[in-house]
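Residue numbers (our numbering), protein chains in the order written: chain Z, 296 to 555; chain G, 43 to 303.
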């Protein structure tokens, strides 16, 4: 235990030192024009770009507006996908009939990556938010279904038999046995869903949007403003990390029996 | 679980599911609930798909678009494997390197591969280099992670045995860690190929002048749903083929391992 703690402290220290060294190396390389300044911004420029977008705004909005707009779209698509996908996966896992009915269509649609739905969504719904939510929904839906399905199938059969012999059926069985048993894999699915959501959102916003982190990236690319590209990428990373942390927190709540 | 289905029941339900899907689609387009240009009938899409393989659209036929996409895919994926796997093995062997590289790697992983598109276009242009960088950033993490994991979980007595026989760092890595982590690496390659294919589509939607993603964008711009759908089908087929190929490789390696033990 003590050793693990010491090792973690060492890891943290080395990690922090590495980041410090990287920023220093970045500063030196750009300040001495070792890296061409048109292509690589200096740390100071990135700081200025961050202040510019936070205070005065860039690409039709200030940083928090872009940030929350993107998070809002991801959450809308994600929640809609999960609230349909997880029940569907559980039903497919619990009933061979439902599986035989739904699975072939699912197998047909699954190999098409969510990003490939973007043009179709644009033809259908235009460049607004509705098209993005649709594509995000699709991106999150597939992993949610697959992992809930696999989660139910991973429950040991004798657990279900024991519950049955105690007279637990129907909704009770789903709530007391199937859902809790499937939960670990369901959360694996949600994590994958969340990643897919961000990838899809950024792609969708790069293709056409009026607000959002992807739109910042697009505008910065157009203006050849590398410092702002770095800010946009940082924004995407922070937003992705925040939603992942939120999922971790939720998993901790949903699976209290796994808490250390 | 529930009792398993008889083959008859299974096939009836499977066919029913497919009929339901295509039936609803066909009826929706035949009765014009939706405009023709929004939802063409399944056979219209199929006819368009065949037509695209014969007549060039935005410069190339469907096969040519796929071929140029596949070239980019191969370069990005190959590069990711060629750098990622050795890096993963080194991380699994040298603790200090793990301490230094892993935090940076984890931080960068939160940036969605698609977010590299503006820099990819700025640094390498929109021809081949830009899309390849985006594919690389998509495919790289699973290569590193799985090689790392494979190397970390090699049985210690194998390493000790190699050490007592006088193997140096280099020999331990190439003769012990690499062969022992092959199953994990191949599993990683499969994940990586899926992400690479997806990133490729994304990159081509945004920056490219040929390729299957470009075909999709141009179909969208001319509001031709049947072209967009044909492109999606082609993407699905190639993605499926790549996955099936790597799955077969994985199964084969597993089987061979099983025999060796």
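For every residue, glycine included, the Cβ atom is placed at its ideal position computed from N, Cα and C.
Asked: Going along chain G in order, which residues have a C-beta closer than 8 Å to the C-beta of residue 463(Z)?; Found: None at all; the shortest Cβ gap to chain G is about 15 Å.
Asked: Give the residues from the region 194–212 of chain G that approach chain Z closer than 8 Å (Cβ to any Cβ), ordered along the chain.; Found: none
Asked: In chain order, what residues of the same chain lie with their CB nearer than 8 Å to the CB of residue 214(G), ignoring the 5 residues before and after it?; Found: 135, 201, 204, 205
Asked: Suppose contacts are defined by Cβ-Cβ distances below 8 Å. Is residue 379(Z) in contact with residue 161(G) by that definition?; Found: no
Asked: Residues of the region 416–427 of chain Z with a CB closer than 7 Å to any CB of chain G: list them in chain order, please.; Found: 417, 418, 419
Asked: CB-CB under 8 Å to residue 472(Z), same chain, minus the five flanking residues each way: which ones, in chain order?; Found: 450, 454, 455, 458, 463
Asked: Does the region 179–195 of chain G touch the region 108–124 of chain G, meaning 3 or more C-beta pairs lie closer than 8 Å?; Found: yes
Asked: Could you run through the region 477–506 of chain Z and flag, in chain order, every residue whose CB is less than 7 Å away from some CB of chain G?; Found: 493, 494, 497, 498, 501, 502
Asked: When you compare the CB of residue 548(Z) with every CB in chain G, is at least one pair closer than 8 Å?; Found: no
Asked: Going by beta carbon distance, what residues of the same chain come within less than 6 Å of residue 262(G), once the five residues before and after it are set aside?; Found: 270
Asked: Name the chain G residues that come within less than 9 Å of residue 519(Z), Cβ to Cβ?; Found: 164
Asked: Report all residues from its chain with a CB closer than 8 Å to the CB of residue 218(G); omit the five preceding and five following residues, and keep chain order.; Found: 196, 200, 201, 204, 209
Asked: When the distance is taken between beta carbons, is residue 439(Z) closer than 8 Å to residue 384(Z)?; Found: yes
Asked: Nearest to residue 430(Z) by alpha carbon, out of 538(Z), 532(Z), 386(Z), 492(Z)?; Found: 492(Z)
Asked: Taking Cβ to Cβ, would you say residue 411(Z) is nearer than 8 Å to residue 258(G)?; Found: yes
Asked: Where does residue 99(G) sit, in a helix, a strand or coil, going by DSSP?; Found: strand
Asked: Using a C-beta cutoff of 8 Å, does residue 512(Z) count as contacting chain G?; Found: yes
Asked: Output, in sequence order along the chain, the residues in the region 211–239 of chain G whose CB is closer than 7 Å to any CB in chain Z.; Found: 239
Asked: Rounded to the nearest angstrom, what separates residue 545(Z) and residue 538(Z) at their Cα positions?; Found: 10 Å
Asked: Judging by CA-CA distance, which residue of 103(G), 288(G), 279(G) is the nearest neighbour of residue 404(Z)?; Found: 279(G)
Asked: For the region 156–176 of chain G against the region 496–508 of chain Z, are there 3 or more C-beta pairs whose distance is under 8 Å?; Found: yes
Asked: Is the Cβ of residue 179(G) closer than 8 Å to any Cβ of chain Z?; Found: no
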